[in-house]
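Listed in order, the protein sequences are those of chains A, B and C. Residues in the first sequence are numbered from 1 upward in steps of one, following UniProt numbering. Residues in the second sequence are numbered from 1 upward in steps of one, following UniProt numbering. Residues in the third sequence are numbered from 1 upward in steps of one, following UniProt numbering. All C-beta atoms in this analysis are idealised placements derived from N, C-alpha and C, irrespective of residue type, glycine included. Here the structure is a predicted model, which is why all the values come from computation and not from measurement. Worksheet for the structure shown next.
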Amino acid sequence: MARFNERLSRIAFGGDYNPEQWDEEVWAEDMRLMTEAGVSMVSLGIFSWAKVEPRPGEYDFGWVDRIFELLSANDIAVCLATMTASPPPWLARLHPETLPMLPDGSRLWPGGRQHYCPSSPEYRRYATRLVAKLAERYGDHPALAMWHIGNEYGCHVPECFCDVSAVAFRGWLRERYGDLDTLNDAWSTSFWSQAYGDWDEIFPPRSVPAFHNPAQRLDFSRFSSDELLACYLAETEITNRVTPNVPVTTNFVGAWRRINTMKWARHMDVVSYDSYPDPHDPEAAADSALAYDLMRSLRDGQPWLLMEQAPSAVNWRERNGAKPRDVMRLWSWQAIAHGADSVLYFQWRASRGGAERFHSGMVPHAGENTRIHREIRQLGNELKGHSALVGTRQTCDVALVIDWDSGWAVEGTSHPSDDVRLMDAVAAHHRPLYDANVAVDFVRPGADLSKYKLVVVPNLYLVSEADARNISDYVHGGGTVLMSFFSGIVDEYDRVHLGGYPAPFRELLGLWIEEFWPLPRGGSTGISFDGDLSALGSDTATRWSEVIRTEGAETLATFAGGDLDGEPAATRHRFGDGEAYYLGTRPSPERMRSLLDHLRQRTAVAPTLADLPDGVQARTRVGEDGTAHHILLNHTARPVTVTVDGAAVELAAHDVAVVTAKA
Amino acid sequence: MARFNERLSRIAFGGDYNPEQWDEEVWAEDMRLMTEAGVSMVSLGIFSWAKVEPRPGEYDFGWVDRIFELLSANDIAVCLATMTASPPPWLARLHPETLPMLPDGSRLWPGGRQHYCPSSPEYRRYATRLVAKLAERYGDHPALAMWHIGNEYGCHVPECFCDVSAVAFRGWLRERYGDLDTLNDAWSTSFWSQAYGDWDEIFPPRSVPAFHNPAQRLDFSRFSSDELLACYLAETEITNRVTPNVPVTTNFVGAWRRINTMKWARHMDVVSYDSYPDPHDPEAAADSALAYDLMRSLRDGQPWLLMEQAPSAVNWRERNGAKPRDVMRLWSWQAIAHGADSVLYFQWRASRGGAERFHSGMVPHAGENTRIHREIRQLGNELKGHSALVGTRQTCDVALVIDWDSGWAVEGTSHPSDDVRLMDAVAAHHRPLYDANVAVDFVRPGADLSKYKLVVVPNLYLVSEADARNISDYVHGGGTVLMSFFSGIVDEYDRVHLGGYPAPFRELLGLWIEEFWPLPRGGSTGISFDGDLSALGSDTATRWSEVIRTEGAETLATFAGGDLDGEPAATRHRFGDGEAYYLGTRPSPERMRSLLDHLRQRTAVAPTLADLPDGVQARTRVGEDGTAHHILLNHTARPVTVTVDGAAVELAAHDVAVVTAKA
Amino acid sequence: MARFNERLSRIAFGGDYNPEQWDEEVWAEDMRLMTEAGVSMVSLGIFSWAKVEPRPGEYDFGWVDRIFELLSANDIAVCLATMTASPPPWLARLHPETLPMLPDGSRLWPGGRQHYCPSSPEYRRYATRLVAKLAERYGDHPALAMWHIGNEYGCHVPECFCDVSAVAFRGWLRERYGDLDTLNDAWSTSFWSQAYGDWDEIFPPRSVPAFHNPAQRLDFSRFSSDELLACYLAETEITNRVTPNVPVTTNFVGAWRRINTMKWARHMDVVSYDSYPDPHDPEAAADSALAYDLMRSLRDGQPWLLMEQAPSAVNWRERNGAKPRDVMRLWSWQAIAHGADSVLYFQWRASRGGAERFHSGMVPHAGENTRIHREIRQLGNELKGHSALVGTRQTCDVALVIDWDSGWAVEGTSHPSDDVRLMDAVAAHHRPLYDANVAVDFVRPGADLSKYKLVVVPNLYLVSEADARNISDYVHGGGTVLMSFFSGIVDEYDRVHLGGYPAPFRELLGLWIEEFWPLPRGGSTGISFDGDLSALGSDTATRWSEVIRTEGAETLATFAGGDLDGEPAATRHRFGDGEAYYLGTRPSPERMRSLLDHLRQRTAVAPTLADLPDGVQARTRVGEDGTAHHILLNHTARPVTVTVDGAAVELAAHDVAVVTAKA
């Protein structure tokens, strides 16, 4: 695979560029404004398929040639899209079966975007034919810096339930299970008379009476992510062959969606992410931090690309707030602080028409004499001075375990409580670390954990025996784990691990769970901390309670009041050379922070910088020569003073500072 | 028909047993545990179709034979399912038209359960072929105690709107109406240009613009219940023929659903019920009491079977609470108190996989050393000592009138207010009697009412002239009726009885209703009690008000405030030798209880036991020899003392006591 | 076109008459009751298609002939429906493709009403064949007073997404755009790869992934209104040819729906409206006032017909309140006060069956001895004394600009905020004028505005250059405009007017909007009034804020608090000889009233009558001879005294008075 960043010597700045929406006289102004704004790279052609192939097999690349020349002449690199994200209307007319089908059997039609069945051989055939044309035509162009494969895969159509998908699903299952007996066993089809006697009896999990078979539903999630990945791979097979030195990426959207980004990232040269925090949401920066930590983790800390963000407002929420003064800069720097090597936007020039005409652009409808464009220009030029950051990395002492299979499974059908949601659990455990300025890696449950002082396992409902052993071994070898309720419950096929919940972690935790007692909607339970944690006093916990039977574990908190009064609610267990903490409920955010503080002290995990004022975030990126770049982010609306290495740094409201400490 | 209970000499204890989910080595342990737990009967094969007929016409009964032998050897009776509740995947592949269709034309697919069109000849053909095989193979087996026909008919797919159903619906209508003129008149098709000129123009009430024709909608409810009944009868026709001495049942689910259980019960040897009160719901026991009274009433007081309940939590609510300590025993006894001759569960062993893997089992995932299993074992052995209860009955002085046609109609389309709901009205009138420990029968409006001291008619929107006369005659002959608003409004075809609402009850009630004034959403109206009821003072009533014109009735309450200030809100009318009370609004629960107290005193209706503490329920079952078994249920979380026949009985929290008084 | 009202010499009184629901013996009683109640006109045959054409091509007009004779003999005029609103069941059987299709591809079926695709050639063929029969048969009948074409067009099925509609849509687009290049440009299809290479690639805006193309969605709204209009015109083409002297109408329903009533009204001899205010809604009278002002405006002040209202309750809300005593009379007179020349009802006799059996009738189920019928009879006879009102008109100094294209566009897809809704904005600006008893005309943005002292432009999101110039010219020539935010943003194709929002009004307003800052859901912002408006003090505004850059405009209010603190929130700009006020947010209802008071004083706009008590409404209708009829409406539940021309007029609760002042 191609090494990304060997061509880019600075923090990439720019965005999606859709010149086909404008007369060519506008292009000249674009070049001037891009140059003035320090634009170094644009993503070209994301939605250009219908323009370059107006009729099947008829190509018009003239305008692409011209814009390539223009960009090249202005020293702007091209991240060239494969243009396959939104098929032209003619595809649906020629092949109506390429239109996606919902679980109820209805189709999605052209007129929006992404209206294709991921398993469609016809879609893939037309798409790869175009990619081959593009690779041949522009592969040698000096401006070509990167391939942008598709766009936001699965954002609107993560799954298709049509007959073509059914055939593909059967093929995928055949590969996974070999024979029907194995599948019937894995899917527990002896329940509800679901045993399959022929592969052709199997369908996607369309609308059913009652509840879906959970293993079928889970495998369909895996399959659907794999089918989109196959679309991506069909295209990269071409680009990698024709242009082996041009790196490839595709832009993820949403930290937790239908795409198993951990699996995908192996096939990418660099991870890209589209980030759209809601300016109306006071928690937006914390949510971004989580997503950025995840993106950085997908390729083991390799710098990633902020491929899209909005210059200000978006158009697709019910109410689309603007980013107040300086917030766009602050949030751009936040991405860099979390490991991004680019600040890119959707889109260069605000569209005049189409569904996203009210999405802000780097050049607003009113043109360059606007606050938004001034902030863009200012940031673009500011970033030129920070090229030393490119390629720098950060080290984390804490890992958060996340797993797509487990997340899909726990949000599937028929569980003790709908209040157990993957991102809710992950965020509840990430937030106290974010608040405390502790950098966090996300890791797979089977990852090498040895380098971490603390591993947090928010809600690992599904776990294989091997992965469970990996976590246990880590603790046995001296590590510390914090695990929360409803972990270790089922195997890869959503079948309960027998032997007392959570069987694969029973020895590790020194306890078993006799019964789940999820709380009613909006309900809560008192808990009371004890022993080492008695300073935490009493608390009101939510979502869950359960009957814990300790087998060696020490009780750190008990339920207070109700039927479980006095029963353990949180425990600690010495296991080998390490310790395993367990939470049988969800404490309040305040107590979650206290608990993580306790764990950090116990494991000697230091924050990025100590004694930061509330609302000020710091991340440190370290170069290969050991130079530390402290990036300070003032998320508050008031000026603050931060002390770094003994020196006072003043930050205005929403201000950013970079303090470099030579190694 | 076969007489149920001639084989069973004790309260049946056990549950659904799905051994096909487990390796045969587990079966031996099952036998040991069942024996220790006092299991006397299991329901076998509910979802075994795909297992015994893996491909159409290929049968594998070996494992059923073996489990039959094993159960027989352990003296456990078999309630054998006909296995037709969930067709194997091959049926949908062979006959996609057997899949149910929703009103919008979309289909429901395999992957859940109950995915068949009730009218499908193909489904019935394959189902009855299997039933014949089962009856021939196991009809003579000594362990066979009962047939469990299908399972929870109509629970998920009470109606199908497909073309096959359309043909069946036309046949049903042809039988009902004979010719189209009669149908057009009954359906009032002169409105909205709906007159039919050909039977083939008639469809199920699929999605329409505006509102459905109410008579079409009502007839489709009747038809759909009848079609499911036809499925049931097609199977019992076989079992009754092959095994005339084996009683048949099917398990109802939900007190008020799409199945006309009053009509079905005529075709059953014993009524069965699946009871799933929500442990998170503080009103759960009152709701169960209502359902149990209904089940007992379906076959005129004949003891019924609690066919399913959960040992603790279920899996299909959004949040599934556990049954706290002793509650499962308490609620089991509540069913017995209301006339059940069994305590059966879904299911014996908690599934490892499949949609209900988190439904509690009599043997939890963690095995026998668990609270849940200990409570099961304890109860199973306790019940062995109460065989004298089997076959005993209870006598009721109060009847509550309920009618499926009326309920379907009033919850249909285009009414004065959506706040008039059958079960809301029934529960509002049942609850005060439950609270007062008065046993209640449910009866059809055309039933013989002469044995009751008080008849309550909560909301009998639809009534035939004959049924109205039956109620009037009862009062004329000396009975007492309490009738609530919006009763006697339409005939069997949802056509208004002309002549002043409620025309068929106008003479009985001594009044007519000039106008309906339903209250706004969440609205209320003051009412003020008068005369005999002046002790009830003033109250806040909800849901409904109306303009009542008395014609002989005496006013017992008036509206207070608003446009109807001073107008009658409740009345009493002397009619023949009896009295008819009428409520033109819904008083508060407190006043409903006072009103029922008043009526009980006036009609000399005594509670089961007098002076019970709040939250303590009592029911008395009487044997043929006159022995009275008082069953005392402490629904509260505190210990209470109850005096029965002068003797003090102590009950711990959630405790149960049985006090037997020889005749 | 025929002149309406030349036949009618009094305020038409009556309603929908559906004698086919009743035996003919009832008809005689109908005639007696109609005569006693002063009924002068009935609408006949609205839903009679299936009755007169029970099988395709077989007609049965006998009963229509008889009822025509009966009505004629009783001197009751007939408004004859073309009977095409609800096709008979045989049409769907013969031509299933006539059934409407929803965006998800599902169909709507017979069993309700209006189940036809508006573009269906088959529907139109059968419909016009029937209309021709009717026109030939009854065109010369002396009782025929008017044609009632269809019924409530588009009420339930305003749009159809089927393949037949797709073909028609392409034809409509071809006519509008000529060639695909023009369409692709207008629809901005270069975004999201939507460029069309063939007309057959275009579909209705069915379900899509992500958001619809806004121009496609907007054109489909125009097309759908036009297709229904084409149905209407296909019928009037016949009636106008056969009976050139019989006026035609069709009844609109809802002030703002999918039908462009401003466009339709050109093709009608008289505007008709179905008015169903909710008796449970305390704001009902204000909403009616708005709708009635609109109806009067559709044909430039020509009196209109109140074609339907309920005698009391309707049947189709979730809870259907009755009209309290005297309210039906009050609300009937309100329609007359706003220019209606009729008081008509749905329907004469309450149906016994069918979906609207609980809709109140002029003759209730209980017959004539009822409050409802007495009020009907009283009003019918009262109106006989007010024939002088027929044909009188009213003059307005204030115009409210409304535009269907703009309304459809702003409620379409992907905007800064879903809180910008046409009727919300219109009502917010109409209400203060209603409260102040100022009569208001609704006008198109391109209308002649010269006669108005004040023009209010609530939210004119979409505006053509020409229409924008029309409004600017009005101000330049001395007029006064109040314009609210998000006006002048896009052109006829939903493409942003470039050049700084709102480009077409920038010169007029003396400002440009740099950024939209819509408020969060339920959010608000402080504003503080200044200068001339400083008496209004501070206020809490909702829905919207924005960054206003003045270019000559004077600031009248500023935002207070938040990121926009101190920035302009409202402005005034001298432009030519006139003034343009601008609101960049939505002030509270109280301040909206103060602001309109200020504007009325500044433009010398007088109320209908001065010094009316709160809740008392007055409207003045003036005859050709200058006679002024002041209609006084007491919307309150208490008696009031009103002074008119120095004389005191007493009105009881909910009372009405007409005071005539000779010219």
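Proximal residues of chain B, C-beta to C-beta of A:A195 below 8 Å: When 8 Å is used as the limit between beta carbons, A:A195 is near these residues of chain B: A50, K51, P54, P88, P89, in chain order.
Beta-carbon contacts of C:D281 that lie in its chain and below 8 Å, excluding the five residues immediately before and after: Cβ within range, chain order: D287.
Should the stretch 552-569 of chain A be called in touch with the stretch 606-613 of chain A, which here means at least 3 C-beta pairs below 8 Å? No contact exists between the stretch 552-569 of chain A and the stretch 606-613 of chain A.
A:L102 by DSSP, collapsed to three states: which one? Note: A:L102 maps to coil in three-state DSSP.
Please classify C:A648 as buried or exposed, where buried requires at least 16 neighbouring CB atoms within 10 angstroms. Under this definition C:A648 is an exposed residue.
Might you give, ordered along the chain, the residues of its own chain that have their beta carbon closer than 8 Å to the beta carbon of B:A409, omitting 5 neighbours on each side? The answer, listed in chain order, is P214, L218, Y461, L462, V490, D494.
Inside the stretch 405-469 of chain C only - beta strand (DSSP E) runs reaching at least 3 residues: Those beta strand (DSSP E) runs which fall completely within the stretch 405-469 of chain C and span 3+ residues are 440-443, 454-457.
For B:S312, which residues in chain A fall below 9 Å Cβ to Cβ? In chain order: E515.
So B:V164 is in the beta strand (DSSP E); what residue range does that whole segment cover? Note, B:V164: premise wrong, no beta strand (DSSP E); alpha helix (DSSP H) at 163-177.
Check whether the stretch 254-270 of chain B and the stretch 312-322 of chain B are in contact - that is, three or more C-beta pairs closer than 8 Å. Because the criterion of three Cβ pairs below 8 Å is not met, the stretch 254-270 of chain B and the stretch 312-322 of chain B do not touch.
Any Cβ of chain C within less than 9 Å of the Cβ of B:G566? Using a Cβ-Cβ cut-off of 9 Å, B:G566 does not count as an interface residue toward chain C, since no Cβ of chain C sits closer than that to its own.
What residues in the stretch 493-507 of chain C bring their beta carbon closer than 8 Å to a beta carbon of chain A? Here the close residues are Y493, D494, R495, V496, L498, G499, G500, Y501.
Residues of chain A with CB under 9 Å from B:T98, in chain order? In chain order: nothing, as chain A lies at least about 13 Å away.
Return no unless some Cβ of chain B is closer than 9 Å to the Cβ of C:E20. Cβ-Cβ to chain B under 9 Å: yes for C:E20.
How is the beta strand (DSSP E) around B:G321 delimited, first residue to last? Careful: B:G321 lies outside any beta strand (DSSP E) and carries neither H nor E.
Just by C-beta distance, which residues in the stretch 316-339 of chain C are closer than 8 Å to chain B? Residues of the stretch 316-339 of chain C that bring their beta carbon within less than 8 Å of a beta carbon in chain B comprise W316, E318, R319, N320, G321, A322, P324, R325, in sequence order.
Limits of the alpha helix (DSSP H) - the one that B:I513 falls within: Here B:I513 belongs to no alpha helix (DSSP H); instead the beta strand (DSSP E) covers 511-516.
Residue interval of the alpha helix (DSSP H) (run including C:P214): Annotation: the continuous alpha helix (DSSP H) that includes C:P214 extends over 214-242.
For C:N245, three-class secondary structure by DSSP: The answer is coil: DSSP assigns C:N245 none of H, G, I, E or B.
Which listed residue (C:A428, C:A618, C:R10) has its alpha carbon closest to that of C:W331: The shortest C-alpha separation from C:W331 is found at C:A618.
List the residues of chain B that C:Q114 touches, going by C-beta distances under 8 Å, in chain order. Neighbours of C:Q114 on chain B, chain order: P209, A210.
Through-space distance from C:A255 to C:F505, alpha-carbon basis: Linking C:F505 to C:A255 through their CA atoms gives a straight-line distance of about 27 Å.
Closer than 9 Å by beta-carbon distance: list the chain D residues that pair up with A:A215, in chain order. Checking the listed chains, one finds no chain D in this structure; the protein chains it contains are A, B and C.
With DSSP run on the structure shown, which of helix, strand or coil describes C:R10? Coil, per DSSP.
So, helix, strand or coil for B:F575, using DSSP? Three-state DSSP puts B:F575 in a strand.
How about A:K51 and C:S534: do their beta carbons lie closer than 9 Å? By the CB criterion at 9 Å, A:K51 and C:S534 fall outside the cutoff.
Between the Cα of C:S275 and those of C:G380, C:R266, C:M307, C:R296, spot the shortest distance and give me the residue it belongs to. If we check each option's Cα against that of C:S275, C:M307 comes out closest.
Just to confirm the assignment: which complete beta strand (DSSP E) runs, minimum length 3, are found wholly within the stretch 64-98 of chain A? Listed in chain order, the complete beta strand (DSSP E) runs (minimum 3 residues) inside the stretch 64-98 of chain A are 77-81.
Assumed close pair A:P54, C:G197 - CB separation to whole angstroms, cut-off 8 Å: Contact check for A:P54 and C:G197: beta-carbon distance about 5 Å, within the 8 Å limit, so the pair qualifies.
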